[in-house]
Each structure stands twice: as C-alpha cells, then as structure tokens.
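Beneath this line is the structure, given in structure tokens, with notes to follow.
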Amino acid sequence: MLIRFEVSNFRSILDPVELSMVAIDEDRPAARAQEPLGHSLLTTAGIYGPNASGKSNLLRALGWLQEAIRTSLVSWDDGISVEPFAFALPEGRETSFEIELAIEGVRFQYVLSLDASSVHYEALFHYPNRKQRLLFERHGADEFKLQRGLGHLSGTRKLLAPRVLALTAVRRFDDPLVSGLLRKILGMDLYGADSFSNLRRCGSASRMSRKLFDPSQSTAKAEKQDEGRPVADVLERRLRALAMLRMADRSIEDVEFKPDPDIEAVLKSGSDDHPKWMKYAFERLGDHQRPHLIYRTHSGSASLDFNHSVSDGTRTWFNLIGPVLEALDQGKVLAVDELDSSLHPTLSAQLIDMFHRADTNPYGAQLIFTSHDTSLLKHLNRDEVWLTEKNDDGSTQLGSLADFAEEYVRKGSNLEKAYLSGRFGAVPDVSDQDFLRALGLIG
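Quick note on numbering: the sequence shown equals residues 8 to 450 in this note's numbering.
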C-alpha cells in the first residue's frame, strides 16, 4: 500500500508537498492496520480545491515518476522531460520525488532528485524490523553503492548514465526484493480527462473494461490452463462487472460487441484514403468490435451504440469498471483525476464505499482522486480529505483536513458544510462585484 508521496519543483508545485495515507483516526474499517509498520493506512484520499490550484499536478507528478521508472533507459537520451515550477525559480533548483510503500509488511522508501540534464541523487531504502537498510544509493552517474548481498545487481553500474535511473536499470536483473516494489509502482493505474498530462486519458480505460465484458478476448488463453479454472474466473468477473454497470442504469441487461463500422471502413479503404499509420494501428490492435449496451424496454430490449447513444456518465462508469475491479482484486493504487466529471455523485459515493469496505476491498487497494463534488465529503473522514490552495507566488500548497485544529474539524463533523463556508480555505474566492465585472455588467 502507498504510505506517502512527496514532490517539489514540479509544474505548479514549488516547495515540497506531501500526500500521506497514514490514518489519524484508526478505529474504523477504512483504516487498514499494518502491524509491522506500527500504524494504519487509508484506502481513500480525496483532493479538493479551486480550479488551477494544482490538484491535478500532484497526480501528474506521480504519473511522471511512474513513467520515468518505466522508460528512462530508452527515452532520456536527449534530455529529461521534467517540468519544473512554471513561474520564477532560482536557477539550479532540482525537482525531487519521494515515495514510500508498504509491501508485505515492509516499508520501502525511494528518493529521487534531478533536473533536465541529469540525475543528481537517487536512493532506495527498506525497513525490515523498522530499521533502515540501504538497498542502493547513487550520486550522479559515477558514485553507486549497493547493499551487501546484492552483488548480482552490480551490472547496474554498467547501465548507469547521467540520464538513466538506477531503479530502471535494476529492473533488468529481476531481484525479488526490488521487483515487489517495482510491481507496485508500475502497477498503479492513473487516469484523467486531460490528454496532455502524464495520466492516461480516462477513455483509454475502456480497453480494460472491454476485456471484462467480452470474455472471448481472454477465454481462449484461459482454456489452455489446468481444469479451465481461469475461464470460470473470467465469467465471474464479467458478472461482477455487469452488476457494477447496472449501478449506473438498472435497465441495462447486458453488453454485446459488434463490428466497428469506422474501423472496418479504414481497413477496407484504399491506401490513399487514410494515413498508413492509422490502418497499421487498427491491424495491430486486432480488436475491431464496438460495445453496445442492451437495455430492457417495454417491448423487449434495445441495443444502443456505446460511442454514440450512451450517456457520458454511463460511458465514464463503464470505462472505470475495469480499472476498479483490477485494483480491488490485486490491491493496486487507482488514481482518478476529476472523479466527478460526467459521473453522478451516487456512483462516486458507491466507488468510495467499495474501497472503504473490507469485503469488497480485501487486499488494501487505494483510491486517490481529485474532485469538486462536495457531496462526497459526507463519505470521507477528515484524514481522507486534502485541500489545495495557490500561494501568492502561484505555487501550490497542499494540506490535510486532519491538520486543522480539533475545534475546527472534529471527527464526524459536517465536512461539506464547513468546506463550502470557506472555513478551511481551498474554495474559489470570487466576490459578487468580481462576478458582475467578469460578465461585463459593471465597470
């Protein structure tokens, strides 16, 4: 499980900001006890704040770090594509990341500091029996230190360069101790509506959901396994996915797949009608089917094209079902930017509840989301709510609601009412005069 994530000098973030999943109020099901660590971890965190206050940039930073670990060995030849603080910044300041996770009861801590030209510092620690032990540490490209007993990772030195992460290089050696950490970080699913961020577009989740609803895509492989058990698992997951889809609309009976006329037209067209890359991409994709939702009607049933005839809210929910079930089944971190975008508050609340409950979330999956939907605050505890504000220099400030004095936010208090009243800040500061002036109604 994610313990904490910290970042500095990234986009609107200048000074270090930290998102902590450590529970303050531990006596509830949503706080999962981690006895070897000595504290409980949260399964949910909601980030609130005005527009342009930097909510999304925290998730973008997590996505950037994930992609850096995955690809630095092959994608940084011409420079490191990090985005430092967008406004005035003292020259020479580095961008830093720090992430801590609990894996099988052991705390891991990864630290990284870099700029556009090179990696300055990188280290990985773990805490067996709560005592810090170094796994590796590097200063620049020349100084690299390994823990005793990890000599089989010494080949990492040959792969190191000013613009290569040691953690990326270590992946090649499949060390069991480090592999668990890498699987957790690289397995995080990060989704957002903004296609220009490090988050995957929410629509891209559709492919994961499609596999759930169309068992033919995965049962062929499953049938080769012993006793056909995976086939039963696939069908059981499809039933769960269908039950979740019906939460959006009880009249949905099923999902079917039909040939996508747009893709078929491209594949059958002449070479000059469409770019070659488009035809090649569709041929490589191999999946030329489009989902249709079957609705129960007074006269029987009707099949509606997913892309053109289904509401935005239902499409958004459909796209999230795959990542949600995978996170719950595998104990993953799922981060969703703008959770309330096109999604009904009731569905968002149900999603939070799934991650809170031990019966639906037995493996400690975690949901991190940004939102403007204050009605969800009724479903969150004070230590699950984070607030962003913009400082005078344009930088993002992040704080936990649990940090406010006890008299301002007691356990179980009405967080929505207090938030909207401006008690904690983090709401748009627009006076009536500003509003009328913006509309051109006053001078």
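Ideal placement from N, C-alpha and C gives every residue a C-beta, glycine not left out.
Judging by CA-CA distance, which residue of S60, I359, P57, F220 is the nearest neighbour of D240? Restricting attention to S60, I359, P57, F220, the CA atom closest to the CA of D240 is found in F220.
By Cβ distance, which residues of its chain are closer than 7 angstroms to D256, with the 5 residues on each side in sequence left out? Around D256: T321.
Assuming E144 contacts A130 under a Cβ cut-off of 8 angstroms, what Cβ separation, rounded to an integer in Å, is found between them? Confirmed, about 4 angstroms.
Within the region 95-167, note down every full beta strand (DSSP E) run reaching 3 residues or more, in order along the chain. Residue ranges of uninterrupted beta strand (DSSP E) with 3 or more members, entirely inside the region 95-167 and ordered along the chain, are 102-110, 113-121, 126-134, 140-146, 150-153.
Measuring straight from C-alpha to C-alpha, what distance separates V392 and L44? Using only the alpha carbons, I get a separation of about 23 angstroms.
DSSP three-state assignment for A372, whether helix, strand or coil: The three-state reading of DSSP puts A372 in coil, since its state is none of H, G, I, E or B.
Taking buried to mean at least 16 other C-beta atoms within 10 Å of its own C-beta, is K165 buried or exposed? By the neighbour-count rule (16 or more Cβ atoms within 10 Å), K165 is not buried but exposed.
Could you pull out every residue in the same chain whose Cβ sits closer than 8 angstroms to the Cβ of Q337, ignoring the five residues on either side in sequence? Non-local beta-carbon contacts of Q337 in its own chain, meaning distances under 8 angstroms to residues more than five positions away in sequence, involve G194, Y370, A372 in chain order.
Nearest-angstrom beta carbon gap, H363 and T51 [assumed within contact, 8 angstroms]: Contact check for T51 and H363: beta-carbon distance about 6 angstroms, within the 8 angstroms limit, so the pair qualifies.
Do D410 and D32 come within 8 angstroms of each other at the CB atom, strictly closer than that value? Contact: no.
Among R253, L332, S82, nearest to R303 - alpha-carbon criterion: For the residues R253, L332, S82, the minimum Cα distance to R303 belongs to R253.
Can L405 and L26 be called in contact, C-beta distance under 8 angstroms? Cβ atoms of L405 and L26: closer than 8 angstroms.
Can you tell which of I106, E13, I20, F180 has the C-alpha that lies nearest to the C-alpha of N398? Nearest Cα to N398 within the set I106, E13, I20, F180: I20.
Under the three-state DSSP convention, the category F17 falls into: Annotated three-state conformation of F17 is strand, per DSSP.
Roughly how many angstroms lie between the CA atoms of S348 and P298, to the nearest whole one? Straight across, the Cα-Cα distance linking S348 with P298 is about 22 angstroms.
Counting along the chain, where does the alpha helix (DSSP H) carrying S63 start and finish? Residues 62-82.
Just to check my reading of the structure: F132 and L160 have Cβ atoms closer than 8 angstroms, yes? What is that Cβ distance to the nearest angstrom? Contact doesn't hold; Cβ gap of about 15 angstroms is too wide.
Considering only residues of the same chain and omitting the five flanking positions on each side of E260, which have a CB-CB separation below 7 angstroms? Residues I301, Y302, R303, S308 of the same chain have their beta carbon placed closer than 7 angstroms to that of E260, with the five preceding and five following residues left out of the count.
Through-space distance from G162 to Q154, alpha-carbon basis: Roughly 14 angstroms separates the two Cα atoms.
So who's on the other strand from I259, going by DSSP bridges? Residue pairing for I259: DSSP places it in a beta bridge opposite Y302.
With the cut-off set at 8 angstroms, would you say A250 and L332 are in Cβ contact? Their beta carbons are not under 8 angstroms apart, which means A250 does not touch L332 by this criterion.
Straight-line CA distance for L384 to N368? Rounded to whole angstroms, the gap between the alpha carbons of L384 and N368 is 20 angstroms.
Indicate the three-state DSSP secondary structure (helix, strand or coil) for E414 in the structure shown. Note that E414 scores a pLDDT of 46, beneath 50, so its modelled location is shaky and nothing firm can be said.
Compare the C-alpha of H386 against each of H305, D360, F325 and name the closest. Comparing Cα positions, the closest option is D360.
With a cut-off of 8 angstroms on the beta carbons, I'd call Q296 and F325 a contact; round off their distance for me. Wrong, their Cβ atoms sit about 14 angstroms apart, outside the cutoff.
Please classify F362: does DSSP put it in a helix, a strand, or coil? Correct three-state label for F362: helix.
Three-way DSSP call (helix, strand, coil) for V29 in this model: It is a strand residue.
With F92 and S382 assumed to form a contact (beta carbons below 8 angstroms), what rounded beta-carbon distance in angstroms separates them? Not a contact, Cβ separation roughly 33 angstroms.
DSSP three-state label for P91, please. P91: coil per DSSP, three-state reduction.
Compute the beta-carbon to beta-carbon distance between T102 and S47, rounded to the nearest angstrom, for a pair I have assumed lies under 8 angstroms. Actually they are not in contact, since the Cβ atoms of T102 and S47 sit about 31 angstroms apart, beyond 8 angstroms.
Let's test the definition: count the other Cβ atoms within 10 Å of the Cβ of R170 and tell me whether it reaches 16, buried, or not, exposed. Counting the other Cβ atoms within 10 Å of the Cβ of R170 gives 16 or more, which makes it buried.
What's the gap between the Cα of P57 and the Cα of P183? Within the model, the alpha-carbon separation for P57 versus P183 is close to 43 angstroms.
Pull up the distance between the alpha-carbon of H305 and that of S258, whole angstroms please. H305 and S258: Cα-Cα distance of roughly 11 angstroms.
Are the beta-carbon atoms belonging to S355 and L346 less than 8 angstroms from one another? Yes, they are a contact pair.
How about L174: is its Cβ closer than 7 angstroms to a heavy atom in the ligand ADP? Within the structure as shown, the ligand ADP is missing, as the structure has no ligands at all.
For H127, collect the residues of the same chain with a Cβ closer than 7 angstroms to its Cβ; drop the 5 residues on either side in sequence, then sort them by chain order. In the same chain as H127, and ignoring 5 residues on each side of it, the C-beta atoms closer than 7 angstroms to its own belong to E101, S120, L121, G147, in chain order.
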